[in-house]
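In our numbering, the protein residues as written are 60 to 198.
As structure tokens, then:
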């Protein structure tokens, strides 16, 4: 059973969507993204994609910026959750030093939520022996 008012609203709704998309794409011409157009064009060209339309390049830049911001926010939450477990043991030291240190483990967990698996070697800075002199490790 079809409803006559639904058929009449759909073209009007589509027109509003098309107008909103056109306005958004036009606004991309005035927007300067954090990620430079040249960098986006370079990586798109490496993947075999070339497009002369600056709006498409900026749309990719905005999407990339959003992805990076989401991953950074999730990694920060992972870092806070990790440090919250150690605060109970070292509450006095935590009150003096409120800096958060983002580790590869935090970043890896955040990226895993987006389907990106990161594997890193033991020589990264979040390794317990990172930066130590090999002679001092033997003692």
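Don't be surprised by glycine CBs; every beta carbon is placed ideally from N, CA and C.
Under the DSSP assignment, residue 100 falls in the alpha helix (DSSP H) whose first and last residues are 96 to 105.
By the neighbour-count criterion, in which 16 or more other beta carbons inside 10 Å mark a residue as buried, residue 116 falls on the buried side. With respect to residue 159, residue 132 sits apart: the two C-beta atoms are not nearer than 8 Å. The C-beta distance from residue 128 to residue 165 rounds to 15 Å, too long to fall under 8 Å, and the pair is not in contact. Taking all protein chains in view, the Cβ of residue 136 is surrounded by fewer than 16 other Cβ atoms within 10 Å, so the residue is classified as exposed.
Between residue 99 and residue 120, the gap from beta carbon to beta carbon is short of 8 Å. With respect to residue 173, residue 113 sits apart: the two C-beta atoms are not nearer than 8 Å.
In this structure, residue 103 sits away from residue 138, with a CB-CB distance that is not shorter than 8 Å.
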